[in-house]
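K.L.:
If you scroll down you'll find the structure; I have some questions about it.
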């Protein structure tokens with residue numbers, strides 16, 4: 019497997035953390051527990067929330083703009099089959115909580131409630147890979163993966179149950195070069211960092227028998243030589259059974 023082109027999690031500057039915590043408490047009190055560290059706060063939206071979404075694509079030709087919007091709406095709605103949330107599409111940029119740009123080639127998203135603190139004239143998600151001639155299954159993968167982040171999900175390989183032993187030298191060497199050109203901080207944040215069980219989202223909501231899900235839409239493609247265990251993950255293009263079950267636990271149906 020050649021070095022995969024990977025998406026990144028956008029992170030907030032440290033100075034915004036106090037404001038983020040206040041917004042988290044206001045949005046959904048069970049995001050935070052008294053025992054957890056501030057940096058471990060959950061970032062889930064309120065259950066049943068309607069998320070206003072805008073497209074920042076006015077510079078694109080009208081036909082391309084229409085095609086991209088239809089594609090995003092179609093695939094993103096897959097999450098709503100399993101989560102008690104709603105999307106309000108085509109809102110104004112000034113009013114939208116999720117704002118989508120299409121600048122190639124990068125794909126990225128802020129995680130869940132982080133989007134609240136991003137200035138309204140800036141995107142909270144970029145789906146640039148949709149404009150690079152990618153095949154249909156990869157376009158679906160890009161949309162599902164980035165919307166997973168927007169709903170508050172982390173990368174599966176960073177889950178508390180992942181327990182991946184990384185060949186750090188190989189990962190750093192390859193991700194520092196093409197096509198990603200990541201610095202070491204980006205590699206640490208997106209590859210090596212592992213979330214703890216103490217976090218509300220991945221403690222109370224994580225089943226006791228949870229295991230690493232190599233079929234998850236939220237896992238990176240992983241070349242064999244990147245891990246001590248010799249894992250091989252080609253990259254998934256649909257929601258796994260575990261993805262569906264977990265997002266339903268995060269956003270349960272009304273009883």
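In this note's numbering, the protein residues as written are 19 to 273. Yeah, the Cβ is synthetic: ideal placement off N, Cα and C, and Gly gets one too.
Nearest CA to the CA of residue 86: which residue from 144, 64 and 104?
P.N.:
Along the chain shown, one-based indexing puts residue 86 at 68. Comparing Cα positions, the closest option is 144.
K.L.:
Taking residue 272 as the reference, give the member of 102, 198, 64 and 260 with the closest Cα.
P.N.:
Your numbering for residue 272 matches position 254 in the chain shown. Nearest of 102, 198, 64 and 260 to residue 272, Cα basis: 102.
K.L.:
Measuring only the C-alpha atoms, how far is residue 228 from residue 180?
P.N.:
For the purposes of this step, residue 228 is taken as the residue at position 210 of the chain shown. For the purposes of this step, residue 180 is taken as the residue at position 162 of the chain shown. Going from the Cα of residue 228 to the Cα of residue 180 covers about 10 Å.
K.L.:
Give me the Cα-Cα distance between residue 236 and residue 25, rounded to the nearest whole angstrom.
P.N.:
Position 218 of the chain shown, counted from the start, is the residue given in the question as residue 236. Position 7 of the chain shown, counted from the start, is the residue given in the question as residue 25. Rounded to the nearest angstrom, the two C-alpha atoms are 10 Å apart.
K.L.:
So who's on the other strand from residue 245, going by DSSP bridges?
P.N.:
Working through the chain shown from its first residue, we reach residue 245 at position 227. Answer is 184, bridged to residue 245.
K.L.:
If we ignore side chains and look at the alpha-carbon of each, how far apart do residue 173 and residue 238 end up?
P.N.:
Counting from one through the chain shown, the residue named residue 173 turns up at place 155. Counting from one through the chain shown, the residue named residue 238 turns up at place 220. Their Cα atoms are separated by approximately 7 Å.
K.L.:
Please name the residue, chosen from 61, 256 and 152, that lies closest to residue 132 on a Cα-to-Cα basis.
P.N.:
Position 114 of the chain shown, counted from the start, is the residue given in the question as residue 132. Ranking the options by Cα distance to residue 132, first place goes to 61.
K.L.:
Does the Cβ-Cβ distance between residue 151 and residue 125 come in under 8 Å?
P.N.:
For the purposes of this step, residue 151 is identified with residue 133 of the chain shown, where counting begins at 1. For the purposes of this step, residue 125 is identified with residue 107 of the chain shown, where counting begins at 1. Not in contact: residue 151 and residue 125 (Cβ atoms no closer than 8 Å).
K.L.:
If I measure Cβ to Cβ from residue 171 and keep anything under 6 Å in the same chain, skipping five residues before and after, which residues do I get?
P.N.:
Position 153 of the chain shown holds residue 171. Closer than 6 Å at Cβ, skipping near neighbours: 236.
K.L.:
Could you please give the first and the last residue of the uninterrupted beta strand (DSSP E) stretch that includes residue 71?
P.N.:
Along the chain shown, one-based indexing puts residue 71 at 53. Segment 68-73, the beta strand (DSSP E) holding residue 71.
K.L.:
So, under 8 Å CB-CB, residue 65 and residue 270 are touching, yes? Tell me the CB distance rounded to an integer number of Å.
P.N.:
To locate residue 65, count along the chain shown from 1; it is residue 47. To locate residue 270, count along the chain shown from 1; it is residue 252. With 8 Å as the limit, residue 65 and residue 270 qualify as a contact, their Cβ atoms being about 6 Å apart.
K.L.:
Going straight from the alpha carbon of residue 161 to that of residue 94, what length do you get?
P.N.:
Taking the chain shown and counting its residues from 1, one reaches residue 161 at position 143. Taking the chain shown and counting its residues from 1, one reaches residue 94 at position 76. Near 6 Å, if we compare the C-alpha coordinates of residue 94 and residue 161.
K.L.:
Which residues in the same chain have their Cβ closer than 7 Å to the Cβ of residue 30, if we skip the five residues on either side of it in sequence?
P.N.:
Looking up residue 30 in the chain shown gives position 12. So the qualifying residues of the chain are 38, 132 and 135.
K.L.:
Please state the DSSP three-state secondary structure of residue 218.
P.N.:
In the chain shown, residue 218 corresponds to position 200, counting from 1. Low confidence applies here, because residue 218 scores a pLDDT of 43, under 50, leaving its location unreliable; read the following figure in that light. Residue 218 falls in the helix class under three-state DSSP.
K.L.:
With H, G and I counted as helix, E and B as strand and the rest as coil, what does DSSP make of residue 104?
P.N.:
Sequence index remark: in the chain shown, residue 104 carries index 86 (1-based). Three-state DSSP puts residue 104 in a strand.
K.L.:
Starting from residue 28 and walking both ways along the alpha helix (DSSP H), at which residues does that stretch end?
P.N.:
Translated into the one-based positions of the chain shown, residue 28 becomes position 10. Counting along the chain, residue 28 falls outside any alpha helix (DSSP H), though it belongs to the beta strand (DSSP E) covering 26-28.
K.L.:
Measure the beta-carbon distance from residue 69 to residue 115 and round it to whole angstroms, keeping in mind my assumption that it falls under 8 Å.
P.N.:
Counted from its first residue, the chain shown places residue 69 at position 51. Counted from its first residue, the chain shown places residue 115 at position 97. Residue 69 to residue 115, Cβ: 5 Å. Contact.
K.L.:
Mind checking residue 20: buried by the 16 CB within 10 Å criterion, or exposed?
P.N.:
Indexing the chain shown from 1 puts residue 20 at position 2. So residue 20 counts as exposed.
K.L.:
Around the Cβ of residue 72, are there at least 16 other Cβ atoms within 10 angstroms (buried) or fewer (exposed)?
P.N.:
Start at 1 with the first residue of the chain shown, and residue 72 comes out as number 54. Buried, because 16 or more other Cβ atoms sit within 10 Å of the Cβ of residue 72.
K.L.:
So residue 118 and residue 74 are supposed to be a Cβ contact under 8 Å. How far apart are they, rounded?
P.N.:
Stepping through the chain shown from its first residue, residue 118 is reached at position 100. Stepping through the chain shown from its first residue, residue 74 is reached at position 56. Between residue 74 and residue 118 the Cβ distance is about 6 Å, and since that is below 8 Å, they are a contact.
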